[in-house]
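Participant: Position one of the sequence shown corresponds to residue 52 (the working numbering), numbered consecutively onward.
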Amino acid sequence: MPAQRTALVTGANQGMGHQVARELVADGATVYVGSRDHARGAAAARAIGEGAVALQLDVTDAASVAAAAERIGREAGCLDLLVNNAAVATTRTGVRDVAELRASAAPTRVPLEEVRAVWEVNAFGPLAVTQAVLPLLRRSPDARIVNVTSALGSLGLAADPSSPQRPLFDPVYAASKAALDALTLSLMVELEGSGIKVNLVSPGFARTALVGFQGTETVESAAREVVRVARLGPDGPTGTFTTWQGVDVPW
């Protein structure tokens, strides 16, 4: 990764985002650690060390998004890398495990309020942040957007009767990631030839709070493709959709 770059990682106070921010700072980048709760973001930035800057950012709040973009512009002048990582699997409390979460997300009975709330974070949030910081990305000679999705959102896999992903496709988390994939593809199309690269990454099933720490991979392992793509320089590809194993995902 080129030195002296400025990055924003949303949802970076814990889990995948925190790991990505940590590795980018180790590369020499200045990383704005986006966190809905400023105190938690400040603690995360201190844990990462010099080069990490706490930034209050609620991706569902227009005023928060605008204030974050204004601050980055005022302090850094431009933005070289945006990692849209912030996500939720549910807004409900008291969900005991992944199995219960999936059962409660069945399309015939899930409350629409739950669908809307998750989509606000996972789909509309990344688009809102991207729109807000796009003028700062345009000022960079080597700008890249990395959207963190899930292979569960792949319509190609969900439509395949032989795919193990098919039974896991739901209208809440999985469909919100399918929507993010579609929004990312629209960004790829619009920004072709602009100099701003756009990539989509499905990380591994990490042991993070998103899944009640019931994942199968360490955060370090699960985040490796997000980090690899985030480190790509000006000659790196755009328009890719890859998994944590570094292979292409069907849209």
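Even glycine gets a Cβ: it sits at the ideal position worked out from N, Cα and C.
Count the C-beta pairs between the segment 70-79 and the segment 267-283 that are closer than 8 Å, then say yes if the count reaches three, no if not.
Facilitator: yes
Participant: Terminal residues of the continuous alpha helix (DSSP H) containing residue 94?
Facilitator: Per DSSP, residue 94 belongs to the alpha helix (DSSP H) from 89-99.
Participant: Pull up the DSSP beta-bridge partners for residue 252, would you.
Facilitator: 199 and 293
Participant: Give the straight-line distance between the Cα atoms of residue 175 and residue 231, rounded to the nearest whole angstrom.
Facilitator: Each residue's Cα considered, the two are about 8 Å apart.
Participant: Determine, using beta carbons only, whether residue 85 and residue 62 come nearer to each other than 8 Å.
Facilitator: yes
Participant: For a quick check, are the C-beta atoms of residue 83 and residue 116 less than 8 Å apart?
Facilitator: no
Participant: Rounded to whole angstroms, what's the CA-CA distance from residue 294 to residue 216? Just pull it up for me.
Facilitator: Their backbone Cα atoms lie some 14 Å apart in a straight line.
Participant: For residue 305, tell me which candidate among 152, 136 and 135 has the shortest Cα-Cα distance.
Facilitator: Lying before the first or after the last residue shown, residue 305 is absent from the chain, which here runs from 52 to 302.
Participant: Using the Cβ count rule (16 or more neighbours within 10 Å means buried), how would you classify residue 195?
Facilitator: buried
Participant: Quick one: is residue 74 buried, meaning 16 or more other Cβ sit within 10 Å of its Cβ, or exposed?
Facilitator: buried
Participant: If I follow the unbroken alpha helix (DSSP H) through residue 75, where does it start and stop?
Facilitator: 66-77
Participant: Just to confirm, is the Cβ distance from residue 130 to residue 178 under 8 Å?
Facilitator: no
Participant: Would you report the Cα separation of residue 212 and residue 128, rounded to the nearest angstrom?
Facilitator: 49 Å
Participant: With residue 250 and residue 291 assumed to form a contact (beta carbons below 8 Å), what rounded beta-carbon distance in angstroms separates them?
Facilitator: Confirmed, Cβ separation roughly 5 Å.
Participant: Residue 134 and residue 58 look like a contact to me (Cβ under 8 Å); what is the Cβ gap, rounded to whole Å?
Facilitator: 7 Å
Participant: Give the DSSP-derived three-state secondary structure of residue 173 in the structure shown.
Facilitator: Note: residue 173 maps to helix in three-state DSSP.
Participant: Would you mind listing the beta strand (DSSP E) stretches within the segment 176-238 that are 3+ residues and don't spill past its ends, in chain order?
Facilitator: Complete beta strand (DSSP E) runs here, min 3: 194-199.
Participant: Evaluate contact between the segment 214-228 and the segment 156-165, counting only Cβ atoms and requiring at least three cross-stretch pairs below 8 Å.
Facilitator: yes
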